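These notes concern the structure reproduced below.
Number of protein chains: 4
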Amino acid sequence: MVYRRTTATEERREARRRLLLDAAIKLFSQHGFHATTVPMIVTEAQSSTGSFYLHFQNKEDVLNVALKELGQAIAKVMSGLMRTQPDALKRVSLGVETLFTFLAQNPEQARILIVESSGLSARIEQTRRAILMQQEDQVRETHESAPSLFAIENTTIAARCIVGAAFEVLYCWLEEDPKTRIPAAEVAKAVAQFNVQAVKRIPAKPR
Amino acid sequence: MVYRRTTATEERREARRRLLLDAAIKLFSQHGFHATTVPMIVTEAQSSTGSFYLHFQNKEDVLNVALKELGQAIAKVMSGLMRTQPDALKRVSLGVETLFTFLAQNPEQARILIVESSGLSARIEQTRRAILMQQEDQVRETHESAPSLFAIENTTIAARCIVGAAFEVLYCWLEEDPKTRIPAAEVAKAVAQFNVQAVKRIPAKPR
Amino acid sequence: MVYRRTTATEERREARRRLLLDAAIKLFSQHGFHATTVPMIVTEAQSSTGSFYLHFQNKEDVLNVALKELGQAIAKVMSGLMRTQPDALKRVSLGVETLFTFLAQNPEQARILIVESSGLSARIEQTRRAILMQQEDQVRETHESAPSLFAIENTTIAARCIVGAAFEVLYCWLEEDPKTRIPAAEVAKAVAQFNVQAVKRIPAKPR
Amino acid sequence: MVYRRTTATEERREARRRLLLDAAIKLFSQHGFHATTVPMIVTEAQSSTGSFYLHFQNKEDVLNVALKELGQAIAKVMSGLMRTQPDALKRVSLGVETLFTFLAQNPEQARILIVESSGLSARIEQTRRAILMQQEDQVRETHESAPSLFAIENTTIAARCIVGAAFEVLYCWLEEDPKTRIPAAEVAKAVAQFNVQAVKRIPAKPR
DNA sequence: CATGAATGAGAATTCATTCAT
DNA sequence: AATGAATGAATTCTCATTCAT
Numbered sequence: 001m002v003y004r005r006t007t008a009t010e011e012r013r014e015a016r017r018r019l020l021l022d023a024a025i026k027l028f029s030q031h032g033f034h035a036t037t038v039p040m041i042v043t044e045a046q047s048s049t050g051s052f053y054l055h056f057q058n059k060e061d062v063l064n065v066a067l068k069e070l071g072q073a074i075a076k077v078m079s080g081l082m083r084t085q086p087d088a089l090k091r092v093s094l095g096v097e098t099l100f101t102f103l104a105q106n107p108e109q110a111r112i113l114i115v116e117s118s119g120l121s122a123r124i125e126q127t128r129r130a131i132l133m134q135q136e137d138q139v140r141e142t143h144e145s146a147p148s149l150f151a152i153e154n155t156t157i158a159a160r161c162i163v164g165a166a167f168e169v170l171y172c173w174l175e176e177d178p179k180t181r182i183p184a185a186e187v188a189k190a191v192a193q194f195n196v197q198a199v200k201r202i203p204a205k206p207r
Numbered sequence: 001m002v003y004r005r006t007t008a009t010e011e012r013r014e015a016r017r018r019l020l021l022d023a024a025i026k027l028f029s030q031h032g033f034h035a036t037t038v039p040m041i042v043t044e045a046q047s048s049t050g051s052f053y054l055h056f057q058n059k060e061d062v063l064n065v066a067l068k069e070l071g072q073a074i075a076k077v078m079s080g081l082m083r084t085q086p087d088a089l090k091r092v093s094l095g096v097e098t099l100f101t102f103l104a105q106n107p108e109q110a111r112i113l114i115v116e117s118s119g120l121s122a123r124i125e126q127t128r129r130a131i132l133m134q135q136e137d138q139v140r141e142t143h144e145s146a147p148s149l150f151a152i153e154n155t156t157i158a159a160r161c162i163v164g165a166a167f168e169v170l171y172c173w174l175e176e177d178p179k180t181r182i183p184a185a186e187v188a189k190a191v192a193q194f195n196v197q198a199v200k201r202i203p204a205k206p207r
Numbered sequence: 001m002v003y004r005r006t007t008a009t010e011e012r013r014e015a016r017r018r019l020l021l022d023a024a025i026k027l028f029s030q031h032g033f034h035a036t037t038v039p040m041i042v043t044e045a046q047s048s049t050g051s052f053y054l055h056f057q058n059k060e061d062v063l064n065v066a067l068k069e070l071g072q073a074i075a076k077v078m079s080g081l082m083r084t085q086p087d088a089l090k091r092v093s094l095g096v097e098t099l100f101t102f103l104a105q106n107p108e109q110a111r112i113l114i115v116e117s118s119g120l121s122a123r124i125e126q127t128r129r130a131i132l133m134q135q136e137d138q139v140r141e142t143h144e145s146a147p148s149l150f151a152i153e154n155t156t157i158a159a160r161c162i163v164g165a166a167f168e169v170l171y172c173w174l175e176e177d178p179k180t181r182i183p184a185a186e187v188a189k190a191v192a193q194f195n196v197q198a199v200k201r202i203p204a205k206p207r
Numbered sequence: 001m002v003y004r005r006t007t008a009t010e011e012r013r014e015a016r017r018r019l020l021l022d023a024a025i026k027l028f029s030q031h032g033f034h035a036t037t038v039p040m041i042v043t044e045a046q047s048s049t050g051s052f053y054l055h056f057q058n059k060e061d062v063l064n065v066a067l068k069e070l071g072q073a074i075a076k077v078m079s080g081l082m083r084t085q086p087d088a089l090k091r092v093s094l095g096v097e098t099l100f101t102f103l104a105q106n107p108e109q110a111r112i113l114i115v116e117s118s119g120l121s122a123r124i125e126q127t128r129r130a131i132l133m134q135q136e137d138q139v140r141e142t143h144e145s146a147p148s149l150f151a152i153e154n155t156t157i158a159a160r161c162i163v164g165a166a167f168e169v170l171y172c173w174l175e176e177d178p179k180t181r182i183p184a185a186e187v188a189k190a191v192a193q194f195n196v197q198a199v200k201r202i203p204a205k206p207r
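See the structure below:
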């Protein structure tokens, strides 16, 4: 049956790939990209070096795949939630909150995005930047969809500020002791509030 | 002459160290930490491997020293300029502008701080964070020096937002084509404005 | 077939390991431990650096493994021959002769044991001493199995004397020109005789 | 005054050389030849690298000088004591005792001779062997001076046995805890006794 | 004579990737 | 497809020795 694409074999193949990818994400997050060796990944995934190279081009490729997957996951989460909100200002606020919360719930991926994928190859840098830019684009679009609500001149800079602010706070939050740190939702709200006030137009004082 | 502590030998030693450090900064900034090898550094500095290890414990140590030096330079620039400004809000604005401008004028060090020192050892991470925290502390102190001017509840988060915003914009600016990008001073102003509006208390509309 | 524990892969692995070990023994014996480099070993074994570190922890580890193997070989040779001899004095004599002859037949290992493994790390020293002590213990046991035959007070010292004597003569013999030196068997006999006379009780002259 | 060879300057020079030599002996004995670096020696001697090479050809040279000095010291001690003893058997006994005791009193040099100078260059090996041979020669001469007293056929082998026995016991003694080990004099006596009995002719039982 | 900074050859070791089984 | 042994290029770092001051 040539028609069925997803045979049992392919499913097993996909499962193995998943295992390797998850192992890599876990280890990259824990030890960083360079300190994680391919043998470490295949041991963690209970697989073998040969298999690894059957599923990924090379070590960097896994990181790249992981980042792309994360980018898609973020995009999905964001687009879903943002379409429903008609108020542009609230959309900014909701966007920041959602992004923050989502990444806080996926701390390993977040760490990889923020810390571990920095300073590697140009290809990784590009994938990494694509995720940030995707966020910045979204913010920019929102701004431009209702300019009258915003007090911003350079929307590009504003968008970058918003994303930068969110990621820096997220990074610090990830480093904090999970037992004692402020709940993610609360921090997300504060960051959203900061950013919204930064960009919203303050109505002129009435007579 | 008891006064001369720095003999000719010591001066030469220090000069050699400087040469190595500058070469390392240049190369780290260009190729990244991992892609820069010790032979590359010593060739650039017209020195030798042996000398390198005479002046630095290992490759990571140079990066650490470079970061620490940058931290001190930033602290110096910031403290000088900020003491003179009595208005807390303006101090925030000036601080952001100064930080941004200073780093934009030292793009190699800025790149190392923002991009290349990420995801390395714990020791480097600590030095790197110390610089960011130093900035965050300064922002926080300013907030707390005149709370009535600010609309912020959690000053820690606000401080992190400000620093994150500045660094993200700076990072993007560094990546842009030097020939066509907006002048640093202008970008610095925009970032400062964003951050100030984010934190300042908007006076209640008088009846 | 549950019985076959050693798969073809494992056999090849073991063969490669053997090749490396033998090459190392040969070179250590020829040039000494420090003068032998890992590249030299892998070239001799027609293998590669990577393989070397796949089979051994580091350069010192090969030496350690070689010494341990030698220790076992000696133990095997000694135990086999000594169990059959009921007369304690003859057992001492036979032991010395056997040890000497065995090492004379394995001159590379003997050189490593006597000369090249001296003055290295504590770990090597321990392995080396374990072999000597194993011999000393054997001598001591023999003494203590039939005390009336021996004129020795301190059996520990006597045992050390015997081992020291044997190894010193062996060392000199190894250094001599193989073409002109006295046959090992003859030297072994002389050493055995020396040691036996040193320890045996001389019956009191009858009236 | 050209005639005076030992000027104050030369004395100081000699003193410096002595300092370096003693430092080297101490460190070689403690850490072994390879683990001792020239910087370690000059630091210990409160001197400088340059000075080191002013007094010695290279690192190996210090070891060689130390060994030669030790060889002379041993020769002096032995010759002095042995000339006075007319009985050849007692001379053997006294020789072994004296050698053992002398080295036990100079444990650092003893360690270097027995352990640390093994497995190095041919030149060192030669110096090292010269010391052992010097002892063996002495034993042999004694044997040959009064053959009727000895039951030995091959005096060379006997001499080597004696030296080997003494050094092995000495090595073990040096390794033992100084607080709990048997006094050197006692061990020396036991070794001497072992060796004497090994070589002396036992008079035929008279009718 | 003394100093110690500079040199650079040389060694150990790692690890991404390949490929025979 | 899966395995894991084998490869060897590449990198870090050490340390004996030299030599300008």
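Chains as they are written, first to last, in the numbering used here: chain Y, 1 to 207; chain V, 1 to 207; chain P, 1 to 207; chain B, 1 to 207.
By construction, the Cβ of each residue, glycine as well, lies at the ideal position given by its N, Cα and C atoms.
No experiment lies behind these values; they were computed from the predicted model shown.
Taking 7 Å as the cut-off, the Cβ atoms of residue 96 (chain Y) and residue 35 (chain Y) do not count as close.
The beta-carbon distance between residue 121 (chain P) and residue 69 (chain P), rounded to whole angstroms, is 18 Å. This is too long to meet the 8 Å contact definition. For the stretch 145-164 of chain Y, residues whose beta-carbon sits nearer than 9 Å to a beta-carbon of chain V comprise 151, 152, 153, 154, 156, 157, 158, 160, 161, 162, 163, 164. Contact check for residue 89 (chain P) and residue 200 (chain P): beta-carbon distance about 6 Å, within the 8 Å limit, so the pair qualifies. Between residue 118 (chain V) and chain Y, the shortest Cβ-Cβ separation is below 7 Å. By the rule that beta-carbons nearer than 7 Å mark a contact, residue 188 (chain Y) does not touch chain V. P:164 is the residue among P:183, P:164, P:20 whose C-alpha sits nearest the C-alpha of residue 133 (chain P).
For residue 185 (chain V), not one C-beta of chain Y is nearer than 7 Å to its own C-beta. Counting the other CB atoms within 10 Å of its CB gives residue 11 (chain B) a total below 16, which places it among the exposed residues. A direct Cα-to-Cα measurement between residue 43 (chain P) and residue 37 (chain P) gives close to 10 Å.
Chain Y places no beta carbon closer than 7 Å to that of residue 141 (chain V), leaving this residue out of the contacts.
The Cβ of residue 198 (chain V) sits closer than 7 Å to at least one Cβ of chain Y. If you check each beta-carbon in the stretch 20-39 of chain B against every beta-carbon of chain P, the ones closer than 8 Å belong to 32, 33, 34. The secondary-structure analysis by DSSP pairs residue 76 (chain B) with nothing; it has no beta-bridge partner. DSSP assignment within the stretch 30-116 of chain Y yields no whole beta strand (DSSP E) run of 3 residues or more. In this structure, DSSP gives residue 179 (chain Y) a state outside helix and strand, which the three-state scheme calls coil. With 16 or more other CB atoms across the displayed protein chains lying within 10 angstroms of its CB, residue 119 (chain P) is buried. DSSP lists Y:150 as the bridge partner or partners of residue 200 (chain Y).
Chain B has no Cβ within less than 7 Å of the Cβ of residue 65 (chain P). Residues of the same chain with a CB within less than 8 Å of the CB of residue 184 (chain V), apart from the 5 flanking positions on each side, are 100, 101, 104, 105, 173 in chain order. For residue 202 (chain B), the residues of chain P that pass the 9 Å Cβ criterion are 197, 202, in the order they occur in the chain.
Judged by beta-carbon spacing, residue 125 (chain Y) lies beyond the 7 Å limit of residue 33 (chain Y), meaning their Cβ atoms are not closer than that value. In this model, residue 156 (chain Y) and residue 130 (chain Y) are separated by some 15 Å (Cα to Cα). Sorting B:9, B:19, B:182, B:161 by C-alpha distance to the C-alpha of residue 62 (chain B) places B:19 at the top. For residue 145 (chain V), the uninterrupted alpha helix (DSSP H) run begins and ends at 122-145, by DSSP. Under the 7 Å criterion on CB atoms, residue 169 (chain B) is classed as interfacial with respect to chain P. Taking a Cβ-Cβ cut-off of 8 Å, the neighbours of residue 194 (chain B) in chain P comprise 152, 157, 158, 161, 198, 199, given in sequence order. For residue 164 (chain P), the three-state secondary structure derived from DSSP is helix. Within chain P, 118, 119 have C-beta atoms less than 7 Å from the C-beta of residue 115 (chain B), given in sequence order. With fewer than 16 other Cβ atoms inside 10 Å of its own Cβ, residue 31 (chain V) counts as exposed. Counting only residues of its own chain and dropping the five nearest sequence neighbours on each side, residue 136 (chain B) has a CB closer than 7 Å to the CB of 159, 160, 163. Rounded to the nearest angstrom, the gap between the Cα atoms of residue 79 (chain Y) and residue 171 (chain Y) is 23 Å. Burial check for residue 202 (chain V): the Cβ neighbour count within 10 Å stays below 16, so the residue is exposed.
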